[in-house]
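*Asks:*
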Amino acid sequence: MLITLATRLAMLFSMILAAASLNFFVPRLTGTNPIEERLAEIAGQGGGSMTGVEDMVRSYTERFGLDRPLWEQYLDYIGSVLRFDLGYSIANYPTRVADQIAAALPWTIGLLGTTTILAFLIGGLLGALAAWPRAPRIFRVSLPFQMVLAAIPFYLIALVLVYVFAFRLQWFPNGGGHQLGVERTLSVSFVLDVLYHSLLPAFAIIIASMGTWSIGMRGMMVSIQGEDYMTFAEAKGLKPRRIFLHYGVRNAMLPQITALALTFGQLITGSVLVEMVFNYPGIGTLMFQAVKLSDYFTINGCVLILVLVTGVSMVILDLIYPLLDPRVQVGHG
Amino acid sequence: MSTLHQIDRRKFLAGTATLALAATMPSTGWSAPERNRTYIVASSVDGPVFTNVSNANYYSPGVDLRNGFMYATEPLFYYNLYKDEVIPWIGESFEYAPDFKSVTIKLKKGVEWSDGHPFTARDVAYTYNMLVDNGKNARNMRDAAIVSTKVASATVVDDQTVRVDFTQPDPRHMFQFGISYFAFGLQWVPEHIWKDVADKTTFTNFDLAKGLPVSTSAWKVVSTAPSEIICERREDWWGAKTGFRPLPGPERIITVPSGSRDRVAQLSVSNMIDISADIQDAQLIQELLRQNDKLTTFSGAENPLGNLDWWPVSVFFNSADERWNDVRVRKAFAYAINAKQIIDVAFAGAGEPSRGPFPAFPPLVKYIDLIEDSAKKNDVGVYDLAASEKLMLEAGYERDGDKFWSKDGKRAGGDMHGLALLNQIGPLVQQQLRRGGFEVTFYSTPDSSKIMRSGNCPLVLSGHGNSSIFDPLATLEAFHSKNFIPVGKPSLYFARMQNPEYDAAVDPIVALKPGDPAIDEHVKKAMDIWYAAVPEVPISQHIHRLPMNQTYWTNWPGTSNPYMPPAPNHVATSTYIAHMVKPVS
Chain A
487 MLITLATRLA MLFSMILAAA SLNFFVPRLT GTNPIEERLA EIAGQGGGSM
537 TGVEDMVRSY TERFGLDRPL WEQYLDYIGS VLRFDLGYSI ANYPTRVADQ
587 IAAALPWTIG LLGTTTILAF LIGGLLGALA AWPRAPRIFR VSLPFQMVLA
637 AIPFYLIALV LVYVFAFRLQ WFPNGGGHQL GVERTLSVSF VLDVLYHSLL
687 PAFAIIIASM GTWSIGMRGM MVSIQGEDYM TFAEAKGLKP RRIFLHYGVR
737 NAMLPQITAL ALTFGQLITG SVLVEMVFNY PGIGTLMFQA VKLSDYFTIN
787 GCVLILVLVT GVSMVILDLI YPLLDPRVQV GHG
Chain B
227 MSTLHQIDRR KFLAGTATLA LAATMPSTGW SAPERNRTYI VASSVDGPVF
277 TNVSNANYYS PGVDLRNGFM YATEPLFYYN LYKDEVIPWI GESFEYAPDF
327 KSVTIKLKKG VEWSDGHPFT ARDVAYTYNM LVDNGKNARN MRDAAIVSTK
377 VASATVVDDQ TVRVDFTQPD PRHMFQFGIS YFAFGLQWVP EHIWKDVADK
427 TTFTNFDLAK GLPVSTSAWK VVSTAPSEII CERREDWWGA KTGFRPLPGP
477 ERIITVPSGS RDRVAQLSVS NMIDISADIQ DAQLIQELLR QNDKLTTFSG
527 AENPLGNLDW WPVSVFFNSA DERWNDVRVR KAFAYAINAK QIIDVAFAGA
577 GEPSRGPFPA FPPLVKYIDL IEDSAKKNDV GVYDLAASEK LMLEAGYERD
627 GDKFWSKDGK RAGGDMHGLA LLNQIGPLVQ QQLRRGGFEV TFYSTPDSSK
677 IMRSGNCPLV LSGHGNSSIF DPLATLEAFH SKNFIPVGKP SLYFARMQNP
727 EYDAAVDPIV ALKPGDPAID EHVKKAMDIW YAAVPEVPIS QHIHRLPMNQ
777 TYWTNWPGTS NPYMPPAPNH VATSTYIAHM VKPVS
């Protein structure tokens, strides 16, 4: 067990190192000077001047160490990554990148993390029922509709939902993470307010993504129905619900779980459009603005989180697989 | 292996779900406001959320003043361009020396910072000298370089009087640094706090528990998040104590990021915000006014459904791009644009074509009239495809198989970048130019502003940044060779014009005070050269179309009461609007 864990952690470390290296070099290939761009952006907001901008650029280039040879910057960066020191944001100096991520991450996890799990559960269940001969016909009929919804990007569904339920019917708020000006504490009223505001975006994501999970699950359920253990379960006279859940779903969902872990890694990148449509202050928005302003250090921080989430998800998945499938033995492949 | 099997699956899933829910909870402390005492503003920023919400250092390079921090600031003077009137605020008056080498500023008595310290001439002098010192040495604070170029030093005469000495005669000094309007005007810092700060670039001026940012404003910041910044009215505001003004109506000001045009429209029509950023779309504004009779604009329900902005829109030729070397090609290009059609189609007729680079503000109208003859002589605003064709043939171009003008295998035209704000008119301009034989493609991408500034595109569709407001010099200097920046380096002036004759015509204006009749002759001469050079094709005066909601607040600025342009992204004047609005109940 310990050897397996050590191997997995070593692989995780190598992956982070490789991704961090790519992450360092790719944004720098654009040739843009992020400090110069930021100062020009500010001056362009009106009333500004480009007088002395070159001196300011020089000053902050030195402060951020961007005037040093690339290899030195790279070694510094790797050292910082290992210390989990993500440095300062160039665009939002003197705010630290870690603080920006800490403020944004809960929103992304709260909205996209929860909805991904819900879409996985609902889609998986619907897919399993669609392939289950004893399930009502409606589950089989619903599959084409789910496929249609799965083909529509969720931000388009989001816009339709906003128009119908927020703008026309005014049942839901049309954006934001909570009501304007409310007390942002761990109170019941605030929690309910956040949940209320997350319903529309959550629906948009669930509706659009559950079809994909459903189709995958249906395929797996069809393939396991001829397995010996299913025949054995029926021969034992087990109740249909038990056969469905414990013998069917449990075995069919294993590839889905792997896909779920990978999906968590894509949460951050996939969240950009949703967060833009709903004005959510999450990590997708942070990364979008960082890329727009060539804010190397914030880009590096966001991508590092992405890599960590993917890597750690996979390691956790490896470790909890035996919980889901007793046939899998940690350390025995 | 065995340990893992001992973990209960249900407990594991329940624990994970609890952690996920707990992670969604941001924290801070604030109580819910009453809506009819709350003033809610959707401010335009780059992106769907505010950034840098824990930085209230106005001189830090990363700060964005367009978020709610602007309500915790106060200027010496405001300026109402509609009446060409300076409005004293924490300043009382100012007077230039006869040679315009200094200005003496008198401050109001009884002005106090939010921590109880008196606001005096020492704070104004400290702010100036801090920027001068930084501009001469480290040069890493915002505005420091330009201030140090123009200011020698500031001296305290007495508690209420400060004298600012210039490096050269500067009759426009106060309009650049001392008066707040649009985005102009310095922010004054409390000497008793800032003098002890060692590194002013890393100082965030933000610690709500310690009362930072300290301000003289009637509002103080009480809560910040990327989704909103909340300011609360100070009952001990100096203005009410001294009888200068009553306490303002809004007890709380909530500033939220405006986000997309659709979002602003929805928030406005559902009474969730009181004033918003510019949404430009005239048809959308008309629809909003139909759906909610409490919504209004600066011009009410009449055209242009908003107020004139300082940003007349043009297509700029990048003069550094060799395809525009021949003035005949630039002129032919201009003949192919039908500005009236653009306004009719894109803005439902709610707008006016522009005749040059100046916004038609009252103080500038006389200059626009003055150069009208030159505009006519140069066929400015004339749509004439036959004249365009004649010039292109003269310049050696021929129509190719796709009817585009072509010379030496290269087609006339190129990529035209513009901000998303102009994506209503961009495709129209593109189509008109294509009909005229110019292969132009309009782009408005998140990178467009960067590309426009760097000069890495032959054409830019944009308004005039840092335009003139009270006198013509600012706009004229945008085309001065001293502001030329090579392609690849960011510039605020997209035409990248260089013309020594033009420079010579503009230079004498610098020493003349605004309104001096001698300016007229220089403007006329400079604009004759400008029109002949065709550095841009004027399209329209820019109208800020933004809905203002009368459900909770009245006395918005408007045609009948034009006390200030209302746009919240004009950081300097937003606070004044908040002082002027009155609660409905």
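Residue numbers (this note's numbering), protein chains in the order written: chain A, 487 to 819; chain B, 227 to 811.
Quick reminder that beta carbons are idealized off the backbone N, C-alpha and C, glycines included.
#1: Check the Cβ of residue 324/B against every Cβ in chain A and list those closer than 7 angstroms, keeping chain order.
#2: Taking beta-carbon pairs under 9 angstroms, can you tell me which members of the stretch 294-320 of chain B lie near chain A?
#3: Could you compute how far the alpha carbon of residue 596/B sits from the alpha carbon of residue 373/B?
#4: Using a Cβ-Cβ cut-off of 6 angstroms (strictly less than) and excluding sequence neighbours within five positions of residue 348/B, which residues of its own chain qualify?
#5: Can you give me the C-alpha to C-alpha distance between residue 788/B and residue 529/A, rounded to a whole angstrom?
#6: Using 8 angstroms as the cut-off, can you tell me whether the stretch 603-621 of chain B makes contact with the stretch 560-567 of chain B, which would need three or more C-beta pairs spanning the two stretches below that distance?
#7: Which residues of the stretch 721-751 of chain B have a Cβ closer than 7 angstroms to any Cβ of chain A? Give them in chain order.
#8: Are the C-beta atoms of residue 288/B and some chain A residue less than 7 angstroms apart?
#9: Residues in the same chain with beta-carbon distance under 6 angstroms from residue 801/A, minus the five sequence neighbours each way, listed in chain order, please.
#10: Residue 536/B by DSSP, collapsed to three states: which one?
#11: Does the structure place the stretch 664-681 of chain A close enough to the stretch 569-578 of chain A that three or more beta carbon pairs sit under 8 angstroms?
#12: So, are the CB atoms of residue 469/B and residue 274/B less than 7 angstroms apart?
#13: Residue 642/B bridges to which residues according to DSSP?
#14: Please list the terminal residues of the continuous alpha helix (DSSP H) segment that includes residue 614/B.
#15: Chain A beta carbons: is any one of them nearer than 7 angstroms to that of residue 406/B?
#16: Let's see if you can read the secondary structure: which residues bound the alpha helix (DSSP H) around residue 593/B?
#17: Answer with buried or exposed for residue 593/A, where buried requires no fewer than 16 other C-beta atoms within 10 angstroms of its C-beta.
#18: In whole angstroms, what is the alpha-carbon distance linking residue 692/A and residue 684/A?
#19: Can you tell me which of 556/B, 537/B, 498/B puts its alpha carbon nearest to the alpha carbon of residue 543/B?
#20: State the Cα-Cα distance for the pair residue 786/A and residue 798/B, rounded to the nearest angstrom.
#21: Can you tell me where the beta strand (DSSP E) holding residue 659/B begins and where it ends?
#22: With DSSP collapsed to three states, give me the class of residue 367/B.
#23: Considering only the alpha carbon of each residue, which of 288/B, 688/B, 673/B, 662/B lies closest to residue 428/B?
#24: Note down, in chain order, all residues in the stretch 455-475 of chain B with a beta-carbon under 7 angstroms from any beta-carbon belonging to chain A.
#25: Rounded to whole angstroms, what is the Cα-Cα separation between residue 214/B and residue 595/A?
#26: Examine the Cβ distances between the stretch 274-285 of chain B and the stretch 357-370 of chain B and report whether three or more of them are shorter than 8 angstroms.
#27: In this structure, how does DSSP classify residue 391/B when only helix, strand and coil are distinguished?
#28: For a contact defined as C-beta to C-beta under 7 angstroms, what are the partners of residue 492/B on chain C?
#29: From the DSSP output, in three-state form, read off residue 768/A for me.
#30: Need the endpoints of the beta strand (DSSP E) that residue 314/B sits in, please.
#31: Return the chain-ordered ranges of every alpha helix (DSSP H) run that is complete within the stretch 687-740 of chain B and spans a minimum of 4 residues.
#32: So what does residue 633/B bridge to, in DSSP terms?
#33: Expressed to the nearest angstrom, what Euclidean distance is found between the alpha-carbon atoms of residue 558/A and residue 522/A?
#34: Near residue 491/A, what residues of its chain come up, given a Cβ to Cβ distance below 6 angstroms and the 5 sequence neighbours on each side ignored?
#35: Give me, in chain order, the residues of the same chain whose beta-carbon lies closer than 8 angstroms to that of residue 758/A; leave out the 5 immediate sequence neighbours on both sides.
#36: Compute the Euclidean distance between the alpha carbons of residue 763/B and residue 742/B, then round it to the nearest angstrom.
*Replies:* So, to answer that:
#1: Near residue 324/B there are no residues of chain A at all, since even the closest Cβ is about 27 angstroms away, more than 7 angstroms.
#2: none
#3: 33 angstroms
#4: 382, 417
#5: 28 angstroms
#6: yes
#7: none
#8: yes
#9: 494, 498
#10: coil
#11: no
#12: no
#13: 668/B, 685/B
#14: 611-620
#15: no
#16: 588-596
#17: buried
#18: 12 angstroms
#19: 556/B
#20: 35 angstroms
#21: Residue 659/B -> not in any beta strand (DSSP E); alpha helix (DSSP H) instead, spanning 652-661.
#22: coil
#23: 288/B
#24: 456
#25: Shown here, chain B extends from 227 to 811; a query on residue 214/B therefore has no answer.
#26: yes
#27: strand
#28: No chain C appears in the structure shown, which is made up of the protein chains A and B.
#29: coil
#30: 311-314
#31: 699-703, 726-732
#32: 636/B
#33: 22 angstroms
#34: none
#35: 770, 771, 773, 774
#36: 29 angstroms
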